[in-house]
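Everything below concerns the one structure shown next.
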Amino acid sequence: MPSRASEVTLCAGGNVADYDVIVVGAGIAGSVCANYLAREGKRTLLLEQNHQAGGNMSGFTRRGFTFDAGDQSFESLGIVFPILEDLGVYDQQDWIKCRYRMVSEDFDFFIDSIDAVEDALRTAFPREPGFGQLFAEIREVSRFLDRVYTPRSFPLLHDFHPARAARAILPWLPRLKRWSTFRYREKACSLIQDKRLRHWLTNIGYYRMPYLFFAGFWHLWSSDYWYPAGGMQAFHNRLVDAYTGSGGEVRFNTRVARIRDSASREVVVTTAEGMEISASKVIYAGDYRALVDSIIGPEQFGAPLVGRLRDTRLTEGLVSVYLGLDMDDEELSRILGGAHHPFYFPNYEVIFPDENSPEAVHRDMWVALNHFGPRSVSAPPGKSTLTVQTYSSWSWQKYWRNGGDSFPRTQEYRELKERVGYELVGTAEQLVPGLRNRIEFMDVGSPLSLKRFTLNSEGSSGGWCYDDQVSPVFRFPGLNRIRTPLRNVYACGHYALWPGGVISAVQCGRIVANLASGKKILAPLGS
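Right, here's the structure in full:
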């Protein structure tokens, strides 16, 4: 756990001393932002509603088994690692390079290169004529990514010069505009004549994910997905310790109910317990819908935007089955073929569950099996952990038979969670035969669980839907909603910067810290 030495105590019923900046939310965006501000010498208070930092990337321990509750790994894209290094919390030896594997009735391949993927699909579908043209353009996306970044460097962002950026991006601009839409993904994948395979390639990933991400993920999965040795929670604890080591203060178990301007031109934050804290600036790194609906209030944002944000689709929630197993890491790694992320597809349907999906929907869905070996330090000696995940919906079966997201949960909710958990275990047994007989511990997290512990609307796993025609942050030139109607209140995180996910959250944390410090948005790292 992070050190509590610098955890501030708020006195009930009264005001506390003013701060230069209050950061609301200790997910990775808020923690990165708070670290930068504390290093600038600003008196900074970090407020987090949960008992620990991490947000969608937090973890938990049960009966000696440690699990990552949401995100299982993430890409750097030349953004995450340089920023962590700038904050003094990056050591290359602390990161496990993730290996992906995809399995269906027709194929079984590792995503070690784009060539390997194409070769495997050609072998599985020898009569399919569309692969050549499809993969030629996927390689163009990969070539663009290689031109602009490595996992540990993204000069266009971290040492920004307009002329250099223009020279690098302008030749690619027409293609980037085309690639940034789901419509072009549909067109590109229409080259595939096998209907099942065409549907699969068009839809895998998040709902209506643009072509740039579909093509780019083959590149990222082969070269740039990472897991912190020791687990996600230990990584976030290090971020908090770095922040408090720079003089920052943190308060857990503190939910923010309201943010408002005051007559003195300071910003006042009111907690759920009624305590008021003032600061010159406030950075909100939490759920954007809550910011609009209640924390600042819809009257400040205007009816058109309020309506759009309430109706906009979010990225999918997850159902996660957390398994503590009676087998050691070496045995499980051997069964999984050395892959950290094997995906098993029982069919080529790509299902996005919703409130109308049938009761048995999860039986027909793909599963991801997540295991990181002995360096994850997630289990007692001779044991191992495995997290099995797929998409779900918080409103499915009338909110998982809970009738809403109220707590405590109903008995029917708990029974349904367990049943779905065993359905996913049954699918995972296609890769790990006899899995259910090796289970020592099992828990299941639904989208309602993610909503409860992270406050993300509907248990969303990555912010807004990535589709260019749906996302409220896909708007040029800034691709963000960082500014709010309150002059000294900024939004931060994967809801505030397109497209979403970890890289957007980390980059947004850096950008907003620059804004709050009076720097240029893309000030060089180290400045």
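Take the sequence shown: its position 290, counted from the start at 1, is 890 in the working numbering, and no numbers get skipped. Glycine included, C-beta positions come from ideal geometry on N, C-alpha and C.
Unbroken beta strand (DSSP E) runs of no fewer than 3 residues, entirely contained in the segment 810-857, are found at 825-828, 849-851, following chain order. The three-state secondary structure of I696, taken from DSSP, is strand. Collapsing the DSSP output to three states places G1101 in a helix.
Taken in chain order, the unbroken stretches of beta strand (DSSP E) that lie wholly in the segment 867-924 and span 3 residues or more are 867-871, 876-884. Distance from the CA of R913 to the CA of N1056, rounded to the nearest whole angstrom, comes to 13 Å.
Contact between G886 and E1058 does not hold, since the beta-carbon distance rounds to 14 Å and is not under 8 Å. Comparing C-alpha distances from S742 to each of A724, Y811, L687 shows the shortest one belongs to Y811.
Relative to the Cα of V850, the nearest Cα in the group V1070, Q649, G1062, Y1090 belongs to Q649. DSSP lists Y884 as the bridge partner or partners of A1091. The C-beta of A788 has 16 or more other C-beta atoms within 10 Å across all chains shown, which makes the residue buried. In the structure shown, the three-state DSSP call for M1042 is strand. Here the C-alpha atom of H761 lies approximately 51 Å from the C-alpha atom of V1032. Under DSSP, L986 forms a beta bridge with L923.
If you look at R662, you'll find it in the beta strand (DSSP E) that goes 659-662. Residue state for N803 is assigned as helix, using DSSP reduced to three classes. Taking one beta carbon from each stretch, the segment 1065-1080 and the segment 946-961 have fewer than 3 pairs nearer than 8 Å; the two do not touch. Membership of Y619 in any alpha helix (DSSP H) is not indicated; the residue belongs instead to the beta strand (DSSP E) covering 619-624. Bounds of any alpha helix (DSSP H) do not take in N970; it lies within the beta strand (DSSP E) bounded by 967-970. Between D841 and L801, the alpha-carbon positions lie close to 42 Å from each other. The residue among S1049, L1050, Y1022 with its C-alpha nearest the C-alpha of N1037 is Y1022. According to DSSP, residue pairing for P942 in a beta bridge involves R701.
In the three-state scheme derived from DSSP, where H, G and I count as helix and E and B as strand, I859 is classed as strand.
Spanning the alpha carbons of S1061 and M809 requires a straight line of approximately 14 Å. By the criterion of at least three beta-carbon pairs nearer than 8 Å, the segment 1105-1122 is in contact with the segment 877-895. A829 and G805 have their C-alpha atoms spaced approximately 26 Å apart.
The segment 976-989 makes contact with the segment 653-673, as at least three CB pairs between them are under 8 Å. Nearest to T854 by alpha-carbon distance, out of L645, G937, Y1090, L637, is L645.
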